[in-house]
Amino acid sequence: MSIDVQEAGLLSTVQDLGRWGMQHLGIAPTGAMDTCASTLANWLVGNDAAAAVLEMTLVGATLQFEADTLIALCGGKFSATVNGQPLPLYRPVLVSAGSQVACGRAEVGARLYLAVSGGIDVPKVMNSHSTNLMARFGGMEGRALQRGDRLYIGASSPQAQKLIATLKAQGKGKAIATTPFFISPTICHIPTSPLVVRVVLTEEFKQLKSESHIQFFQSPFTVSAHSNRMGYRLSGKPLEFQHYEEQLSSGTVNGAIQLPPNGQPIILLADRQTVGGYPIIAVVASVDLPKVAQAKVNTQIYFQAIALQEAQELYRAQQRAMRLCKAHLDLKLNML
Amino acid sequence: MRIYPFGDAALVIEFGKDTSPEIRQRMRAVAATLQTSPFKGFVEAVPAFTSITVLYDLQKITYSEAEAYLSEMLKVIPEADLRAERTVEIPVCYAEAFAPDLKALAAYLNLSVQDIIDLHTQPLYEVAMIGFVPAFPYLIGLPEKLYAPRHASPRLAVPAGSVGLAGKQTGIYPLETPGGWQLIGRTPIQLFRPNAEPPSVLQSGDLVKFYPISEREFWERSQHVR
Chain A
6 MSIDVQEAGL LSTVQDLGRW GMQHLGIAPT GAMDTCASTL ANWLVGNDAA AAVLEMTLVG
66 ATLQFEADTL IALCGGKFSA TVNGQPLPLY RPVLVSAGSQ VACGRAEVGA RLYLAVSGGI
126 DVPKVMNSHS TNLMARFGGM EGRALQRGDR LYIGASSPQA QKLIATLKAQ GKGKAIATTP
186 FFISPTICHI PTSPLVVRVV LTEEFKQLKS ESHIQFFQSP FTVSAHSNRM GYRLSGKPLE
246 FQHYEEQLSS GTVNGAIQLP PNGQPIILLA DRQTVGGYPI IAVVASVDLP KVAQAKVNTQ
306 IYFQAIALQE AQELYRAQQR AMRLCKAHLD LKLNML
Chain B
38 MRIYPFGDAA LVIEFGKDTS PEIRQRMRAV AATLQTSPFK GFVEAVPAFT SITVLYDLQK
98 ITYSEAEAYL SEMLKVIPEA DLRAERTVEI PVCYAEAFAP DLKALAAYLN LSVQDIIDLH
158 TQPLYEVAMI GFVPAFPYLI GLPEKLYAPR HASPRLAVPA GSVGLAGKQT GIYPLETPGG
218 WQLIGRTPIQ LFRPNAEPPS VLQSGDLVKF YPISEREFWE RSQHVR
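Those protein sequences? They're chains A and B, same order as listed.
Under the working numbering, think of the first position of the first sequence as 6, with each following residue one higher.
Under the working numbering, think of the first position of the second sequence as 38, with each following residue one higher.
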């Protein structure tokens, strides 16, 4: 089974949960920017959370399905259609053979994830399906999708096969068939503007001038147009150090907020450089990384500091909510 | 040596303020131990010049647990990495076509082009760390006479294999990327091989010796995809 890429969209890449364990060789984790949305999309079609999905940015791809295929779309609110009719997000949808799915444009949020039952079948490189755009490997030949590409699909899980059989029986002759149940979009992290982003401060934060301490929390930072999967460049009133000192380079993490000499912070994300020499003043709490990933250009961000322990508890609570959602979903699917 | 948190899913083990052979040896011993006997929730370790950043799964372990585990571990780890050192010889073509900054650099440093080549090929460099982009080696051991500043504004595209200098360091660009280093030559060796194991030809701790080759030899040996 396969999918024809008729329009590639703005930046559509194959991603999974990331290529971890290679950062010591300079290889960024890459992977889905909003792992909550990619995980939910996978669960809706009976996949493992780590199956390869298509991440689309602002303008989605237009795809033609060769065979009946179980799909799910999660993430930002995109104006998706199937053969011109609205296509619901956040639920499993059986798309009939020959149908054309246009993933549309982002109305709210920035990234949409398409999961297909069985996962997108691209070769694993260093144990991951994720696309490394900078080093040009992984995913679809190390690049974003192009018109004319063909995406192959893996084998469906037994749970998905049951759902496909049920939906086929009910959807005869229609372009799509879907379930009465869906995931509440509130579990996805659709950002607002202004957006409050919780951070854990680092020791280098203390080296800022006292005016900058206050400014970091009280004045907004705007997501600039020079933002991508490597990082979000923010613009606002410049922050200043008491003495600016570049450091010997050290390892970076997702969500690290770098402060270059121009005083404009950069949030490092999935495709980041693996080491950096700019001071890092704070790190985005893991719980808020999906929210940041969904922030569009011009979104206003306010930072809020939380304690390390609170950040860890919030993340664990978020993951518990996700697992609860999965348990409910399994219950519904097993009742078919 | 101290351990401190870095966000909610990582911590830093800092071994000192300045890099030294002793610190690098000790860091490699710690990194090797973490690889062979990881703790519960360990994701990965990223060694740099004077610190190791340790990423962990905060669903499996809290910061204080990870910190306590590492403090204990650090007490029993040997002072030095016991693996045998490896010397990797890297051919470099210093011909003008591959060395856009060599002439200007010679003038700036008050040296001849041949002096620069002789000085650059003389030391046994140490790979202090791999990072920035895949397989990029930060080499230390550059002769003081070759210390030079970065370009004020980086080039938009430095060809793969380019050998450069910046400050006290020399390095090799494994991929075509933007870069601000002074370019003095190019190697035909492909340092990053995504489908090989390991994907980086050089590892942290390796010793590197450059040797000059001609333009003909460069093209005969070129592994770069054109």
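The beta carbon of each residue, even a glycine, is placed where N, CA and C say it ideally should be.
Within 7 Å of any Cβ in chain A, is that where the Cβ of Asp-45/B sits? yes
In chain A, what lies closer than 7 Å to Ile-167/B by C-beta? His-29, Leu-30, Gly-31
For a minimum of 3 consecutive residues, which ranges assigned as the beta strand (DSSP E) are wholly contained in the segment 149 to 196 of chain A? 155 to 157, 181 to 183
If I'm right that Thr-304/A touches Pro-190/A with Cβ under 8 Å, what's the distance once you round it to whole angstroms? At roughly 18 Å, the Cβ-Cβ gap does not stay under 8 Å, so Thr-304/A and Pro-190/A are not in contact.
Look at the alpha carbon of Arg-141/A and the alpha carbon of Ala-57/A, and state the distance between them as a whole number of angstroms. 17 Å
Hey, is the segment 111 to 129 of chain A in contact with the segment 76 to 91 of chain A, meaning 3+ C-beta pairs nearer than 8 Å? yes
Sequence-distant residues of the same chain with beta carbon closer than 6 Å to Ala-107/A, five excluded per side: Thr-67, Thr-86
Assign Met-64/B to one of three DSSP states: helix, strand, or coil. helix
Using 8 Å as the threshold, is the segment 49 to 68 of chain B in touch with the segment 209 to 219 of chain A, meaning 3 or more CB pairs across them? no
For chain B, find out if any of its Cβ atoms is closer than 7 Å to the Cβ of Phe-308/A; answer yes or no. no
Use the C-beta contact count for Gly-124/A: other C-beta atoms within 10 angstroms, 16 or more gives buried, fewer gives exposed. buried
State the DSSP-derived secondary structure class of Leu-110/B, mapped to helix, strand or coil. The question names Leu, but residue 110/B is Met in the sequence shown. The answer is helix: DSSP assigns Met-110/B an H, G or I state.
Inter-residue Cα distance where the pair is Leu-146/B and Gly-201/B: 15 Å
Residue of Ser-259/B, Phe-86/B, Leu-95/B minimising C-alpha distance to Pro-196/B: Ser-259/B
Whole beta strand (DSSP E) elements within the segment 135 to 166 of chain B, 3-residue minimum: none
Outcome for Pro-128/A when other beta-carbon atoms lying within 10 angstroms are tallied against a minimum of 16: exposed
Within 8 Å, do at least three Cβ pairs link the segment 241 to 253 of chain B to the segment 121 to 129 of chain B? yes
So that I know if they touch, is there some Cβ in chain A lying closer than 7 Å to that of Phe-86/B? yes
Excluding sequence positions up to five away, which residues of its chain have a Cβ less than 8 Å from the Cβ of Leu-49/A? Ala-77, Cys-79, Tyr-95, Arg-96, Pro-97, Ala-120, Ile-188, Leu-334
Going by DSSP in three states, Arg-230/B sits in which element: helix, strand or coil? coil
Top-ranked residue by Cα proximity to Leu-92/A, from Ala-180/A, Gly-31/A, Gln-269/A: Ala-180/A
CA-CA distance, Pro-115/B and Glu-109/B? 13 Å
Sub-7 Å separation of Thr-44/A and Ser-135/A beta-carbons: no
Would you kindly report the start and end of the unbroken beta strand (DSSP E) that includes Asp-9/A? 7 to 12
Could you tell me which chain A residues have their CB closer than 7 Å to the CB of Asn-232/B, listed as they occur along the chain? Val-130
Say whether chain A places a C-beta atom closer than 7 Å to the C-beta of Gln-96/B. yes
Inspect the beta-carbon positions of Ser-254/A and Val-280/A and report whether they are closer than 7 Å. yes
Go to Ser-199/B, then tell me how far its beta strand (DSSP E) extends in each direction, as first and last residue. 199 to 203
Cβ neighbour criterion (16 or more within 10 Å) applied to Pro-295/A: buried
Residues bridged to Arg-39/B [DSSP beta-bridge criterion]: Glu-51/B
Can you list, in chain order, the residues of its chain with a C-beta nearer than 8 Å to that of Met-38/B? Leave out the 5 residues immediately preceding and following it. Ile-50, Glu-51, Phe-52, Gly-53, Leu-111
Does the ligand COA have even one heavy atom less than 6 Å from the beta-carbon of Gly-168/B? Absence of the ligand COA is noted for the structure shown, with no ligands found whatsoever.
Here's the rule: buried if 16 or more other CB atoms are within 10 angstroms of the residue's CB, otherwise exposed. What is Tyr-320/A? buried
In chain order, what residues of the segment 276 to 291 of chain A put their CB closer than 7 Å to some CB of chain B? Gln-278, Thr-279, Val-280, Val-288, Ala-290, Ser-291
Assuming Glu-209/A and Ile-286/A make a contact with CB atoms under 8 Å, what is their CB distance in whole Å? 5 Å
Quick check on Asn-47/A: buried or exposed, where buried means 16 or more other Cβ atoms within 10 Å of its Cβ? buried
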